[in-house]
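Note that the first sequence covers residues 5 to 783 in this note's numbering.
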Amino acid sequence: MKYPFEEIEKKYQEIWENDGFFEKKKGEKHYLLEMFPYPSGKIHMGHVRNYVIGDVVARYKTMKGFNVLHPMGWDAFGLPAENAAIEKGVHPVKWTEENISCMKNQLKKLGLSYDWNKEITTCSPNYYRWNQWLFLKFFEMGLAYQKTADVNWCPKCQTVLANEQVLDGACWRCEAKITSKSLKQWFFKITEYADEMLDHKLGKWPENVLVMQKNWIGKSKGIEIFFKEKKTGKTIPVFTTRPDTIFGATYLTLAPQYPLVDELIEDAPNFSEIKEFIEKAKIRVSPDELEKEGIFTGRFAINPVNNEEVPIWIANYVLMEYGTGAIMAVPAHDQRDFDFAKKYGLPIKIVISNQELGIKDHRIDRAYEGEGVLVNSGMFDGMESERAKEAISDWMEEIGIGVRKINYKLKDWLISRQRYWGCPIPIIYCSECDTVPVPEDELPVVLPLDTKPGQNLWEIEEFVNCKCPKCRQPAKRETDTMDTFVDSSWYFLRFITPSCETKLVLKEEADYWMPVDQYIGGVEHAILHLMYARFFTKVMRDLGLISVDEPFTNLLAQGMVIKDGAKMSKSKGNIVDPDSIIERYGADTLRLFILFAAPPEGELVWNDKGIEGCFRFLNRVYRLKDKVEERDHKEDRLYIPINKTIKAVTDDLERFSFNTAIARLMEFVNEIKNNIPKGIFEKFLLLLFPFAPHITSFLWEKGKISDSPWPPYDEDVIKEKEITIIIQINGKLRGKITAPYDLEAEEIKKRAVLSVSDKLKTSPKNIIFVPNKLVNIVL
RNA sequence: GCCGAGGUGGCGGAAUUGGUAGACGCAGCGGACUUAAAAUCCGCUGGGGAUUUCUCCGUGUCGGUUCGAGUCCGACCCCCGGCACCA
5 MKYPFEEIEK KYQEIWENDG FFEKKKGEKH YLLEMFPYPS GKIHMGHVRN
55 YVIGDVVARY KTMKGFNVLH PMGWDAFGLP AENAAIEKGV HPVKWTEENI
105 SCMKNQLKKL GLSYDWNKEI TTCSPNYYRW NQWLFLKFFE MGLAYQKTAD
155 VNWCPKCQTV LANEQVLDGA CWRCEAKITS KSLKQWFFKI TEYADEMLDH
205 KLGKWPENVL VMQKNWIGKS KGIEIFFKEK KTGKTIPVFT TRPDTIFGAT
255 YLTLAPQYPL VDELIEDAPN FSEIKEFIEK AKIRVSPDEL EKEGIFTGRF
305 AINPVNNEEV PIWIANYVLM EYGTGAIMAV PAHDQRDFDF AKKYGLPIKI
355 VISNQELGIK DHRIDRAYEG EGVLVNSGMF DGMESERAKE AISDWMEEIG
405 IGVRKINYKL KDWLISRQRY WGCPIPIIYC SECDTVPVPE DELPVVLPLD
455 TKPGQNLWEI EEFVNCKCPK CRQPAKRETD TMDTFVDSSW YFLRFITPSC
505 ETKLVLKEEA DYWMPVDQYI GGVEHAILHL MYARFFTKVM RDLGLISVDE
555 PFTNLLAQGM VIKDGAKMSK SKGNIVDPDS IIERYGADTL RLFILFAAPP
605 EGELVWNDKG IEGCFRFLNR VYRLKDKVEE RDHKEDRLYI PINKTIKAVT
655 DDLERFSFNT AIARLMEFVN EIKNNIPKGI FEKFLLLLFP FAPHITSFLW
705 EKGKISDSPW PPYDEDVIKE KEITIIIQIN GKLRGKITAP YDLEAEEIKK
755 RAVLSVSDKL KTSPKNIIFV PNKLVNIVL
């Protein structure tokens, strides 16, 4: 037996299409947002999960009387569109538009309550002109700059990538191995906000997301110490977090790319050997495959704390991008330096003593990296390393051989992409005036649409050639486009006034709606998108666009959808198509199952059988319509259960425990035996409505169910008059009694002892009483 | 290696502050209805033993705190996620 979900869902989706969802403008504001999708073709179960969670919250909050903003849009620039153009000969515009219309249709078939009047599409000039406008603002503020750097290059995507977009040495999108390339590129100075981004003081974010971001930012406090090269007297600064080990520095190591290297080795007898090593060492290998190797330069440096000469080496494990590109090696107290020193027979000098390692024993077999008392460290001998760090730093700064410094792992965000299907960077290069920003009133720089598949912007002369805005002489446009993560770093602001032509957002409206009260999306964006969006928010605040420090007050990081032990994906061939499920069971069943199968933060294991249970449940609900009776409901035996259910479902929704909320609804239906009074049935329908809006709309009969407020519960009824008291003997369950609510302790204890008297071999030593819960008799 | 989250029946998962472990659903078993099947409805369903309402064991392992521990503390084991020569 199946209820006629096709007709029901079609009917109500048509009604919603015409009526919309959010006409009323009263109550406290609630900005609810789910991560907008890339229009890749069809929605997948991950989308369904994300958007169904959002929809339940939207409908619940609306019923609770909030003024809800719940918009949806499209993250529409990106590489798959270009690949499709090359493979199928369809223009990215057409491909994207078709996908959007298909996916929008799918979202509607799920019964999602979006305010489609606020829809945005990042590839439309009306949207990306503000992308360009923000770029110009960043440029004015010195937050957008160009530099030549060794950058991550994906040979398959034929473009550069930001650091965050390289996973395990491979491209985040196509998994091709990343190579290095030296290019002049545009960067956003995200590092300027590194410190502020370490704290998220607003609302509730999952701990693991905050920790991941913190690790990514990777703040470390230390000191730059100035070594001098002996022959030339040139300064080689090294960064360390362990100044307490400075007396144990027995050699220096430079990154292969270190600028001074060429000069240092020019008169070395084994010059060509060193050169060869450097070229080999420059090739990036993943850390676990890399054997630590190095070569002596023939030169020495002076350790400024004791004027000792230490050899200068070049090693493949020293990174040019972090710190100064040069390190002081303390083999006794750093495992990497230790391995290296052992391999090349370099001296190992212990300067931190500890219980495990005798200070006189020089044949240690590993580095001691912990804290301890300083030895062999001149006037700092006997000091605790924690104190010595400060004392040595103070002293170094005083005599000018070092300066305290904070380093971050976080790098500036490389935003140039050598791709066509993206937002053009609004910059013009003029032989006279150099780098000139496109004037604001000439925005947008429109992406030319009359192109052939695979054609790049630099191949389109009409685009490239232009006039310099300053001197009106012929000039050339920047032909790189922006990383698509730029588009999604501020879209939550555009949703507020999406069609405003004069401003990115109207200030008063932004002040009303921002920040987003609840953001919902996959954990996979914990670093990339969420960090970029926080960065943009802080810049937009400094620009005076908004008054908030953070974009998203609360974050719900939803788990992945799994089948056969792996994330659902086309390449693994384990996808379940939402359309086929809707066709078979209807959208309400799909919505219910995806919420019921797992708590939102956890992984959801797809089970073809499990969905049957939700379908059966909705069929039972449907059949209830024949059991509804017109009669007084306050006296009915279901009156207490429905009130308990209202309380439970309300509490569960407040803490996003959708799976248990649905279980409560199922329990209630299991309670109904022969019939149900209409008043109680209606309350039940209101509770079920956010989860299964179609079937509940149908069963509601009178008017629109969505106009009804969330039902309150009767406090008096919930407090039961007769309650069950657990009786334990020595903490083990031995019986139960029922007693009036709040019956006094002595009376309960008396009854409890009496009820288990045959099991009491000795008289009780102690009786623990927890009001309205249990009695524990201790023998 | 470091950081984070977790380990509960055959399975997905409940147990919100330490107080009836296993709600709800799936799968399974038995029964009703039916000529039969499907659907539906009812009952059982952590393990062992007595077979009736009794009893022992049981939330990764070992120990601790407590009248009482899935929940708190300590040590260890195992999975998952993130970062990984960051000096």
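Glycine is no exception: its CB is placed at the ideal position from the N, C-alpha and C atoms. From a predicted model like this one, the values you see are computed outputs, not experimental measurements.
| Check | Outcome |
| --- | --- |
| Element boundaries [alpha helix (DSSP H), containing Phe489] | Thr488 to Asp491 |
| As assigned by DSSP and simplified to three states, the class of His34 | strand |
| Bounding residues of the beta strand (DSSP E) (the contiguous stretch that carries Asn469) | Asn469 to Lys471 |
| Same chain, Cβ closer than 6 Å to Thr245, five either side skipped, listed in chain order | Ser224 and Gly226 |
| Where Trp176 falls: helix, strand or coil (DSSP) | coil |
| Gly617 - DSSP class collapsed to helix/strand/coil | helix |
| Rounded separation between Tyr7 and Met201 - CA only | 52 Å |
| Assigned exposure category for Lys725 - 16 Cβ within 10 Å defines buried | exposed |
| Alpha carbon of Phe693 to alpha carbon of Leu608, nearest angstrom | 23 Å |
| Whole-angstrom distance between Asp59 and Lys613, CA atom to CA atom | 25 Å |
| Glu168 vs Leu508 beta-carbon contact at 7 Å | no |
| Beta-carbon separation (whole angstroms), Ile598 vs Val213, contact threshold 8 Å | Contact doesn't hold; Cβ gap of about 22 Å is too wide. |
| Under the three-state DSSP convention, the category Pro604 falls into | coil |
| Stretch-stretch touch, CB-based, cutoff 8 Å, three pairs: the stretch 579-591 with the stretch 524-543 | no |
| Same chain only: Cβ atoms within 8 Å of Ala395, ignoring 5 sequence neighbours per side | Phe384 and Met387 |
| Tyr717 (DSSP reduced to helix, strand or coil) | coil |
| Trp157 beta carbon less than 7 Å from that of Thr183 | yes |
| Other residues of its chain near Met400: CB distance less than 6 Å, five sequence neighbours each side excluded | Gly406 |
| C-beta atoms of Val449 and Pro430 nearer than 7 Å | yes |
| Span of the alpha helix (DSSP H), counted from its first residue to its last, around Asp338 | Premise fails: Asp338 is in no alpha helix (DSSP H) and is neither H nor E. |
| Contact check, Asn792 vs Glu297, beta carbons under 7 Å | The chain is shown from 5 up to 783; residue 792 falls before or after that span and cannot be answered. |
| Secondary structure of Ile646, DSSP reduced to three states | helix |
| Where Pro799 falls: helix, strand or coil (DSSP) | A question about residue 799 goes unanswered here, because the residues of the chain that appear run from 5 up to 783. |
| Inter-stretch contact (C-beta, 8 Å, three-pair minimum) for the stretch 261-269 and the stretch 230-238 | yes |
| Nonlocal neighbours in the same chain, by C-beta distance under 6 Å from Met518, ignoring five residues either side | Ile550 and Val552 |
| Exposure of Ile282, with buried meaning 16 or more beta-carbon neighbours within 10 Å | buried |
| Contacts around Ile363, its chain only, beta-carbon distance under 7 Å, and the 5 residues preceding and following it disregarded | Legend: pLDDT at Ile363 = 48, less than 50; position of this residue unreliable, value from coordinates given subsequently. Here the set comprises Ile354, Ser357 and Val379. |
| Meets three-Cβ-pair contact criterion under 8 Å: the stretch 72-91 and the stretch 13-21 | no |
| Residue range of the beta strand (DSSP E) that includes Lys567 | Val565 to Lys567 |
| Neighbourhood of Lys181 by C-beta distance below 7 Å, restricted to the same chain and skipping five residues each side | Gly173 and Ala174 |
| Residue from Ala665, Asn770 and Val673 with nearest C-alpha to Tyr643 | Val673 |
| Limits of the unbroken alpha helix (DSSP H) element including Tyr131 | Pro129 to Glu144 |
| Rounded straight-line distance, which links the Cα of Gly329 to that of Ala479 | 38 Å |
| Rounded C-alpha distance that separates Asp720 from Asn647 | 10 Å |
| When His337, Asp341 and Val242 are compared against Tyr372, the one with the closest alpha-carbon | His337 |
| The beta strand (DSSP E) enclosing Asn380, as first and last residue numbers | Per DSSP, Asn380 belongs to no beta strand (DSSP E) and is neither H nor E. |
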